[in-house]
Structures are given as C-alpha cells and as structure tokens.
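Down below is the structure, laid out as structure tokens.
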Amino acid sequence: MLHIVNKSPFENTALASCLRVASKGGDNALLLIEDGVYAITKNSDAGKAVQAVMGGIKVYALMPDVEARGMQDRVLEGISMVDYAGFVDLVIEHNNVQSWL
Amino acid sequence: MSEAAGDFDDEDGSGTIKKFMFLNRKAPYGTVYALEGLEVVLITAAFDQDVSMVFMDDGVYQLVKGQNTKAIAMKNFSPTYRALDGYDIEKLYVERDSLEMRGLSEDDLLVPVEVLSSAEMQVLMSDQDVVIAF
Amino acid sequence: MAIEINGKTYDTDEEGYLTDLSQWDEDVAKVLAAEEKVEMTDNHWEVINFLREYYNEFQIAPAVRVLTKAIGKKLGPDKGNNKYLYELFPYGPAKQACKIGGLPKPTGCI
Numbered sequence: 001m002l003h004i005v006n007k008s009p010f011e012n013t014a015l016a017s018c019l020r021v022a023s024k025g026g027d028n029a030l031l032l033i034e035d036g037v038y039a040i041t042k043n044s045d046a047g048k049a050v051q052a053v054m055g056g057i058k059v060y061a062l063m064p065d066v067e068a069r070g071m072q073d074r075v076l077e078g079i080s081m082v083d084y085a086g087f088v089d090l091v092i093e094h095n096n097v098q099s100w101l
Numbered sequence: 001m002s003e004a005a006g007d008f009d010d011e012d013g014s015g016t017i018k019k020f021m022f023l024n025r026k027a028p029y030g031t032v033y034a035l036e037g038l039e040v041v042l043i044t045a046a047f048d049q050d051v052s053m054v055f056m057d058d059g060v061y062q063l064v065k066g067q068n069t070k071a072i073a074m075k076n077f078s079p080t081y082r083a084l085d086g087y088d089i090e091k092l093y094v095e096r097d098s099l100e101m102r103g104l105s106e107d108d109l110l111v112p113v114e115v116l117s118s119a120e121m122q123v124l125m126s127d128q129d130v131v132i133a134f
Numbered sequence: 001m002a003i004e005i006n007g008k009t010y011d012t013d014e015e016g017y018l019t020d021l022s023q024w025d026e027d028v029a030k031v032l033a034a035e036e037k038v039e040m041t042d043n044h045w046e047v048i049n050f051l052r053e054y055y056n057e058f059q060i061a062p063a064v065r066v067l068t069k070a071i072g073k074k075l076g077p078d079k080g081n082n083k084y085l086y087e088l089f090p091y092g093p094a095k096q097a098c099k100i101g102g103l104p105k106p107t108g109c110i
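So the protein sequences, as listed, match chains A, B and C.
The first sequence begins at 1 in our numbering and counts up one residue at a time.
The second sequence begins at 1 in our numbering and counts up one residue at a time.
The third sequence begins at 1 in our numbering and counts up one residue at a time.
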C-alpha cells in the first residue's frame, strides 16, 4: 500500500500515525509531498523517525516540493526522489493508496 | 505594562510608537499564512512603528536558503525577506530550539537573524505592546 | 482587459497593470506611459529600470519611501528625493512607474 503524507511532521500527527501503523508489517511505501517533505531533513527529529522505519518502508519524496522549500541539500540518504510523473507511477504500481490528511 | 503614560510625542497621540511583534509559525507554501503575514509586515512598515519579526516552529522554514518554486508554479517569496532591511525592519529573531529540532542552523538562513533561547524569547515577547501571529 | 500593439496582446488588470510581468517590453511601456500622460525621458527610463531590477532581486515592488531611499543610495541624493521623483511621475512614483514598468502595484500602497 502507498501512504501519502502532505503535512509538516512538526505541526500535525499525520506522519507519526502513518509510521506507527505502516511499520507494523506488510508491503508499504511512503510518499511525502507538500509540507510533508520536511520530514526527511537530515539531523531533524522527524528525520530520525523516518530513518527508523526505512528498513521496512520504502520512502519517496516529491522533488518539486523539496526544491520549492529549499531542502534539496538537506535530505536523508536513501530517500527516492520522484517528479510528478513518478508520483503517478507510484499510484499505479500500488493496488491501494491512502492519503493521511 | 506601563506604556500608557509614555511614548506620546504629540497631543492627539497619532505619533505614538508601539512595539509590534509579528510571530511567524507556519511553513511557507503549504498554507497562505507566511505570505500574508509578510505582506502585512511590509504594509505596517509604512506607519513607523517599532516592528520585530519572530520565526518559531515551522516558521523558521520561511527563511531557508535555496528555495526554488518553479516546478510547483507558486511565487517564491523568500527573496522578499532580504528587502525587509530597506523597509527599516532590522529586528529578526529565530528561536534556537525550533532550528535544532528541524536539523537547521543559522547558516541555513537567507537573512541575518538573532538566534534566541526560549527564555530570551519569553523576555522579548513580554516586552511587546502588540503580538500578531501568523 | 488587454492592450494591443503591433498585433501583440498584453493582458492587464482592471487598474491597467500588466498581469504577466514577462510580457513587458519597451513598446508596451511607451503605451502605458502615454495612458498615464507621462512623456518618457532618459530619467524616466532610469527609474523604470531601477524598479525592475529591484523587483527581480526582491520579488516585490517597493513602497515609495523605500524606493526613494534606494534610489538615493544608488543614483545620489539629487535623484533620491520626493521632488525629483514626483516631477517625473506626478501621480506617484511607485504607482505610476510600477505600472509603466510592468510590475504589480506596490505592496503597502493603499
């Protein structure tokens, strides 16, 4: 399943809830978009939480949103960047998608 | 606060200078708060008040260097923070804890700021006549 | 609304400001100036170019007070004052020059 988070991890519990559930097993991927991309900043509290689940969950981020926020040089290693076409591919590849609004 | 007696430099009080703090706590593009707040600050600058800006929580993201919004088709308003100096808004403060939690440091910011501890922030806030939050 | 010059269309808002900054060129500047009854001289172009550079750098059109100060810094005090700028742009240097320069209305212009 593909999980999509679009809220900053510092002012919304969407990412925390998503990680809590998705890390319990199964075949899960996480796509961070909009303010959700702040979660993959190196040396940040949220970044540590993401890093902790990266063994079991493949993590993607939408590059246009990362660049808009100036965070492109501060991203954790092991995150896959996608563009809008890659976003569509991810949605097609997974049989279900959940947006954690 | 003892502001009632002082600060008047003419009879009708129109020359009163108050301390205005604009408290910015939102990331720049996910909501419209940051841009709207910045516009209000620029307009307020015309009224010759004692203006300071504080960046806390996700508000510190407004000042991150290297923003490029081309691919999301939104206006990149981060260069406008560099114009604040020309508007005589020179007091920009950032809370240290907010930076550190986000893996950021003063070097990641696009304008010169003063980094304050939470205790120093408390003192600064208490000293204001008006605090406006965005 | 729109202005048409030599077959090229320039879109404007209800107050006559260009809506797409990238459409701006000297042809449309001259037409906008004529509508404002401003006769363009080198001194006018100098202010227009200054404003466009300011906009490029900061992504806003400056308030008139800020413009005056910034021009004084760059072009000297004999140009960085209200009298000089209002002689060039009698209905307000920030407002009129921004319109002619194809920039949005200045922030802080009420």
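Idealized CB from N, CA, C, for every residue including glycine.
Are the C-beta of B:Tyr87 and some C-beta of chain C separated by less than 7 Å? Counting from one through the second sequence, the residue named residue 87 of chain B turns up at place 87. Interface residue, yes.
By the three-class DSSP mapping on this structure, what secondary structure does C:Phe89 have? In the third sequence, the residue the question calls residue 89 of chain C occupies position 89. C:Phe89 falls in the coil class under three-state DSSP.
Throw me the rounded Cβ distance for the B:Asp48 and B:Arg25 pair, which I believe falls under 8 Å. By 1-based counting over the second sequence, the position of residue 48 of chain B is 48. By 1-based counting over the second sequence, the position of residue 25 of chain B is 25. Actually they are not in contact, since the Cβ atoms of B:Asp48 and B:Arg25 sit about 26 Å apart, beyond 8 Å.
Compare the beta carbon distance of A:Met63 and A:Asp83 with 7 Å and say whether it is the shorter of the two. Here residue 63 of chain A corresponds to residue number 63 of the first sequence, with the count starting at 1. Here residue 83 of chain A corresponds to residue number 83 of the first sequence, with the count starting at 1. Contact: yes.
Exposed or buried, B:Asp88, counting other C-beta atoms within 10 Å across all chains shown (16 or more means buried)? Within the second sequence, residue 88 of chain B is the residue found at index 88, counting from 1. That one is exposed.
If you check the beta carbons only, do B:Val113 and B:Leu84 fall under 7 Å apart? By one-based count along the second sequence, residue 113 of chain B stands at place 113. By one-based count along the second sequence, residue 84 of chain B stands at place 84. Taking 7 Å as the Cβ cut-off, B:Val113 and B:Leu84 do not qualify as a contacting pair.
Since B:Leu116 and B:Arg96 should fall inside the 8 Å C-beta cutoff, what is the C-beta to C-beta distance between them, to a whole number of angstroms? The residue labelled residue 116 of chain B in the question sits at position 116 within the second sequence. The residue labelled residue 96 of chain B in the question sits at position 96 within the second sequence. That pair is a contact at about 7 Å.
Considering only their Cβ atoms, is the gap separating C:Leu67 from C:Ala94 smaller than 7 Å? In the third sequence, counting from the first residue as 1, residue 94 of chain C sits at position 94. In the third sequence, counting from the first residue as 1, residue 67 of chain C sits at position 67. Yes, they are a contact pair.
Beta-carbon contacts of A:Ala39 that lie in its chain and below 6 Å, excluding the five residues immediately before and after: Position 39 of the first sequence, counted from the start, is the residue given in the question as residue 39 of chain A. Here the set comprises Pro9, Leu15, Leu32, Ala46, Val50.
Sort A:Glu11, A:Leu2, A:Lys7 by Cα distance to A:Asp65 and report the nearest one. Residue numbering aside, residue 65 of chain A sits at position 65 when the first sequence is read from its first letter. Minimum Cα distance to A:Asp65 is reached at A:Lys7.
Is C:Tyr55 buried or exposed, if buried means 16 or more other CB atoms sit within 10 Å of its CB? Start at 1 with the first residue of the third sequence, and residue 55 of chain C comes out as number 55. Label assigned to C:Tyr55: buried.
Cross-chain neighbours of B:Ser83 in chain C, by beta carbon under 9 Å: Numbered from its first residue, the second sequence carries residue 83 of chain B at position 83. Reading off the sequence, residue 83 of chain B comes out as Ala, not Ser. The answer, in chain order, is Tyr54, Glu57, Phe58, Gln59, Ile60, Pro62, Val66.
State the beta-bridge partners of C:Asn43 as determined by DSSP. Residue 43 of chain C sits at position 43 when you count from the first residue of the third sequence. In DSSP, C:Asn43 forms no bridge with anything.
For a quick check, are the C-beta atoms of B:Leu63 and B:Phe55 less than 7 Å apart? Residue numbering aside, residue 63 of chain B sits at position 63 when the second sequence is read from its first letter. Residue numbering aside, residue 55 of chain B sits at position 55 when the second sequence is read from its first letter. Yes. Within cutoff.
Can you tell me whether DSSP reads C:Asn56 as helix, strand or coil? Indexing the third sequence from 1 puts residue 56 of chain C at position 56. It is helical.
In chain C, what lies closer than 8 Å to B:Ala137 by C-beta? Nothing about residue 137 of chain B can be read from this structure; chain B reaches only from 1 to 134.
Let's see if you can read the secondary structure: which residues bound the beta strand (DSSP E) around A:Tyr60? Mapped onto the first sequence, residue 60 of chain A falls at position 60. Taken as a continuous stretch (DSSP letters only), the beta strand (DSSP E) holding A:Tyr60 covers 57 to 62.
Is B:Glu95 close to the ligand ADP? I mean its beta-carbon at under 6 Å from any heavy atom of the ligand. No copy of the ligand ADP occurs in the structure displayed, which carries no ligand at all.
Please identify the residue among B:Tyr61, B:Thr69, B:Thr16, B:Lys70 whose C-alpha is closest to the C-alpha of B:Leu110. Translated into positions along the second sequence, residue 110 of chain B becomes position 110. Nearest C-alpha to B:Leu110: B:Tyr61.
Let me know the secondary structure DSSP gives B:Met125 once reduced to three states. Within the second sequence, residue 125 of chain B is the residue found at index 125, counting from 1. Helix, per DSSP.
Are the C-beta atoms of B:Gln67 and some chain A residue less than 7 Å apart? On the second sequence, position 67 is the one that residue 67 of chain B refers to. So yes, B:Gln67 belongs to the interface.
Quick one: residues in its chain with C-beta nearer than 7 Å to the C-beta of C:Ile5, no 5 flanking neighbours on either side, listed in chain order? On the third sequence, residue 5 of chain C is found 5 positions in, with the first residue counted as 1. Hits under 7 Å: Asp27, Val28, Val31.
Does the beta carbon of B:Phe77 sit closer than 7 Å to a beta carbon anywhere in chain C? Position 77 of the second sequence, counting from 1, holds the residue named residue 77 of chain B. Judged by the 7 Å Cβ criterion, B:Phe77 is in contact with chain C.
Only counting runs of 4 or more residues, tell me where the alpha helix (DSSP H) segments fall wholly within the stretch 1 to 35 of chain A, in order along the chain. 14 to 22
Between C:Ala70, C:Val38, C:Pro62, which has its C-alpha nearest C:Leu86's C-alpha? In the third sequence, residue 86 of chain C corresponds to position 86, counting from 1. The question names Leu, but residue 86 of chain C is Tyr in the sequence shown. With distances taken between Cα atoms, C:Tyr86 lies closest to C:Val38.
Under 8 Å by Cβ, that's how I've got B:Ile132 and B:Leu38 pegged, so tell me the actual separation to the nearest angstrom. Looking up residue 132 of chain B in the second sequence gives position 132. Looking up residue 38 of chain B in the second sequence gives position 38. Wrong, their Cβ atoms sit about 12 Å apart, outside the cutoff.
Does chain A have any CB closer than 7 Å to the CB of B:Thr44? Indexing the second sequence from 1 puts residue 44 of chain B at position 44. Chain A, which has no Cβ nearer than 7 Å to the Cβ of B:Thr44, makes this no.
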